[in-house]
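Report on one structure; see the data block that follows.
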Amino acid sequence: MLSTGHAPLRSFIPALHRLLSFRSHMAHPHPTTPSQHITFDPSALDLFRERLASPSVIPPINFKYTEDVKEAAVLIPLCVVDGRASVLFTVRSGTMRRHKGEVRYLEDPTLLFTALRETEEEISIPPSAIDILGESYALSNHERSLRVHPFVGFVREPLVVSQIQFNPHEVESVFALSLDYLLDPSNRTLVPFRDSGVSYPVFKTPAEVGVEVWGLTAFILDGG
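Numbering-wise, the sequence shown is residues 1 to 224 according to the UniProt record's numbering.
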């Protein structure tokens, strides 16, 4: 799952820029508030599947990985919270080593299995409750030692965030951001990385959340 807080977020929505064109398809004819612009009706979910199945407009980055690179997987959980199409995030526990849980176990048959296993372990949402919509291209962690495969899934039943039973050994808290919020340019900024001349995306969150979406999670959300 996507996480943030004491370590970079492990997030849920890959290559958002590839999916921006779905906004017009999912808009209500006469929306009354911005939060009603996007819904997860069957046609919208089919459009997600179509976008994720088609080649990316921006080709995957050819990262130079370390020789002992490990494979990892995360789930980007799309969900409905308070009637809004949203993405679910976790704040990783301060005792958790970065990306520890999402690395593929030898006994995991597939990377998708890894992503679903970790989601259930962290926030008690079983694979049977999730419709997998597709997979985005892999991204690297900062050390180039991990190849992270993001999968997009839709949690079929609406969620009440305060009622999610999370594993306190791995997760400190859980929050959701609506797609309208994430797609609002005023909630995204680029931050220079030291003196490298490279900038990375950061997503602001409401004050009550208390953390920003940054690191690998933000890159996944931003499309790499």
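Cβ atoms here follow ideal geometry from the backbone N, Cα and C, with glycine treated the same way. What you are looking at is a predicted structure, and each value in this text was computed from that prediction instead of being measured.
Work out the CA separation of A115 and D108 for me, nearest whole Å.
-> 10 Å
Status (buried if at least 16 other CB within 10 Å, exposed otherwise) for R117 = buried
Given that a residue counts as buried once 16 or more other Cβ atoms are within 10 Å of its Cβ, and exposed if not, what is V160?
-> exposed
Taking the C-alpha atoms as reference points, what is the distance between F219 and S145?
-> Answer to the nearest angstrom: the Cα atoms are 16 Å apart.
Let me know the secondary structure DSSP gives L133 once reduced to three states.
-> strand
Which value, in whole angstroms, describes the spacing of the CA atoms of T119 and S173?
-> 14 Å
Using the Cα positions of H149 and R92, report the straight-line distance between them to the nearest angstrom.
-> 19 Å
Between V191 and the rest of its own chain, which residues show a CB-CB distance below 7 Å, the 5 nearest in sequence each way excluded?
-> S199, Y200 and V202
Supposed contact pair V171 and T39 - C-beta distance, whole angstroms, cut 8 Å = Rounded, the Cβ-Cβ distance is 28 Å, inconsistent with contact.
In chain order, what residues of the same chain lie with their CB nearer than 8 Å to the CB of A53, ignoring the 5 residues before and after it?
-> G134
Can you pull the DSSP bridge partners for A176?
-> Looking at the DSSP assignment, A176 forms a beta bridge with L88.
So, using beta-carbon positions, are P158 and V209 closer together than 7 Å?
-> No, the Cβ-Cβ distance between P158 and V209 is not below 7 Å.
Would you decide whether R51 is buried or exposed? Buried here means 16 or more other CB atoms lie within 10 Å of its CB.
-> buried
Straight-line Cα distance separating P206 from G83 = Using only the alpha carbons, I get a separation of about 18 Å.
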